[in-house]
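A.B. asks: So that we are looking at the same thing, I have put the structure below in structure tokens.
In the working numbering, the protein residues as written are 238 to 501.
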């Protein structure tokens, strides 16, 4: 399965500048990265070489706590966030990085995202969009236009229209973006001002920079409660990750409740 668990790059690095220095690791059973030219054979270890009483011991619980703490810094959980859908207190949050000119992002939007709607409606899943506008020269302008639509409460409608038109609109120029805005009944003057504003343009760029810091190199990319899911995977992959993370979140909540009851 193409699921990847984040690992922390160190407790200090995880909190520097309130950003998370995390990396996506290889999936279980995946091939190791190319190690480069072969090294000469190592000498046989001596007893002194093998005796490492001070070697660090893996602590899965501590690693998971670090991942959870780091992921909490990425998710927004803002009830007024126009680039998010789902309950603000949903136990599972999917942060996604995508590009409006990306064919695989269009596939996810058209084929997979509708299947996640039931999880969103049930309050189980929250989806938070991040721009990674790198595929074409048009990408940043489309991202800014979508955010401008979001300022009028229509981000997801704009999102749906752009992806629905992906296969039939090889060029998505300024006239096309204004056409969508008009069709959605947006205030065009406000739309034009917002999509050209330094604040919106900086937000698009900041989302891309955050994605790069987290190891995103292509779109779409998803992080679900600390589990990375790269690419336009089938719906079943997302459902399995959400199911596992819901079970983990429920178990953690039950443990906290038991601790509180014991302290009472």
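Think of the CB as a built atom: it goes at the ideal place given N, C-alpha and C, for glycine as much as any other residue.
1) Leaving out five residues on either side along the sequence, give the residues of the same chain with a beta carbon under 7 Å from the beta carbon of residue 475.
2) Quick one: residues in its chain with C-beta nearer than 6 Å to the C-beta of residue 389, no 5 flanking neighbours on either side, listed in chain order?
3) Which residue spans inside the stretch 413 to 486 form an unbroken beta strand (DSSP E) run of at least 3?
4) Excluding the 5 residues flanking residue 437 on each side, which residues of the same chain have their C-beta closer than 7 Å to its C-beta?
5) Quick one: grab the DSSP three-state call for residue 300.
6) Where residue 462 and residue 445 are concerned, what is the direct C-alpha to C-alpha distance, given to the nearest angstrom?
7) Can you tell me whether DSSP reads residue 365 as helix, strand or coil?
8) Taking all protein chains shown into account, decide if residue 408 is buried (16 or more other Cβ within 10 angstroms of its Cβ) or exposed.
9) Would you kindly report the start and end of the unbroken beta strand (DSSP E) that includes residue 329?
10) Determine the burial state of residue 335: buried for a count of at least 16 other Cβ atoms within 10 Å of its Cβ, exposed for fewer.
11) For residue 493, I'd like the list of residues in its chain whose CB is within less than 7 Å of its CB, leaving aside the five on either flank, ordered along the chain.
12) Could you say which of 405, 343, 338 lies nearest to residue 374 if we only look at CA atoms?
13) Just verifying my parser: in three-state terms, what is the DSSP assignment at residue 378?
14) Going by C-alpha distance, which of 321, 358, 327, 367 is nearest residue 459?
15) By Cβ distance below 6 Å, which residues in the same chain neighbour residue 325 in space, the five residues on each side in sequence not counted?
16) Just how far apart, CA to CA, sit residue 302 and residue 473?
17) Mapping the DSSP letters down to three states, classify residue 359 as helix, strand or coil.
18) Are residue 428 and residue 418 closer than 8 Å when you measure CB to CB?
19) CB residue 369 to CB residue 456, shorter than 8 Å?
C.D. replies: On the basis of the supplied data:
1) Within the chain shown, numbered from 1, the residue matching residue 475 stands at position 238. Spatial neighbours of residue 475 in its own chain (CB-CB distance under 7 Å, excluding positions within 5 residues in sequence) are listed in chain order as 349, 353, 466.
2) In the chain shown, counting from the first residue as 1, residue 389 sits at position 152. Within the same chain, and ignoring the five residues on either side of residue 389 in sequence, the residues whose Cβ sits closer than 6 Å to its Cβ are 423.
3) Note on the stretch 413 to 486: whole beta strand (DSSP E) runs with a minimum of 3 residues are 458 to 461, 464 to 467, in chain order.
4) As a first step, residue 437 is located in the chain shown; it is residue number 200 there, counting from the start. Excluding five sequence positions before and after residue 437, the CB atoms of its chain that fall closer than 7 Å to its own CB belong to 381, 384, 385, 431, given in chain order.
5) Mapped onto the chain shown, residue 300 falls at position 63. Residue 300 falls in the helix class under three-state DSSP.
6) Against the chain shown, residue 462 aligns to sequence position 225. Against the chain shown, residue 445 aligns to sequence position 208. One C-alpha to the other measures close to 19 Å.
7) As a first step, residue 365 is located in the chain shown; it is residue number 128 there, counting from the start. Reduced to three states, the DSSP call for residue 365 is strand.
8) Here residue 408 is taken as the residue at index 171 of the chain shown, counted from 1. Using a 10 angstroms sphere on the CB of residue 408, the tally of other CB atoms stays under 16, which defines it as exposed.
9) In the chain shown, the residue the question calls residue 329 occupies position 92. Segment 329 to 335, the beta strand (DSSP E) holding residue 329.
10) Locating residue 335 in the chain shown gives position 98, where the first residue counts as 1. Buried.
11) Mapped onto the chain shown, residue 493 falls at position 256. Nothing meets the Cβ criterion.
12) Translated into the one-based positions of the chain shown, residue 374 becomes position 137. Of all alpha-carbon atoms in 405, 343, 338, the one lying nearest the alpha-carbon of residue 374 is that of 338.
13) As a first step, residue 378 must be located in the chain shown, where it is residue number 141. Helix.
14) Translated into positions along the chain shown, residue 459 becomes position 222. The residue with the shortest Cα to Cα distance from residue 459 is 367.
15) Residue numbering aside, residue 325 sits at position 88 when the chain shown is read from its first letter. If the five residues before and after residue 325 are omitted, its C-beta is found closer than 6 Å to the C-beta atoms of 314, 316, all from its own chain and listed in chain order.
16) Within the chain shown, the letter at position 65 stands for residue 302. Within the chain shown, the letter at position 236 stands for residue 473. Put simply, the backbone Cα of residue 302 is about 27 Å away from that of residue 473.
17) Sequence index remark: in the chain shown, residue 359 carries index 122 (1-based). Looking at residue 359 - three-state DSSP - the assignment turns out to be coil, as it is neither helix nor strand.
18) Numbered from its first residue, the chain shown carries residue 428 at position 191. Numbered from its first residue, the chain shown carries residue 418 at position 181. In this structure, residue 428 places its C-beta atom within 8 Å of the C-beta atom of residue 418.
19) Along the chain shown, one-based indexing puts residue 369 at 132. Along the chain shown, one-based indexing puts residue 456 at 219. Yes, Cβ-Cβ distance for residue 369 and residue 456 is below 8 Å.
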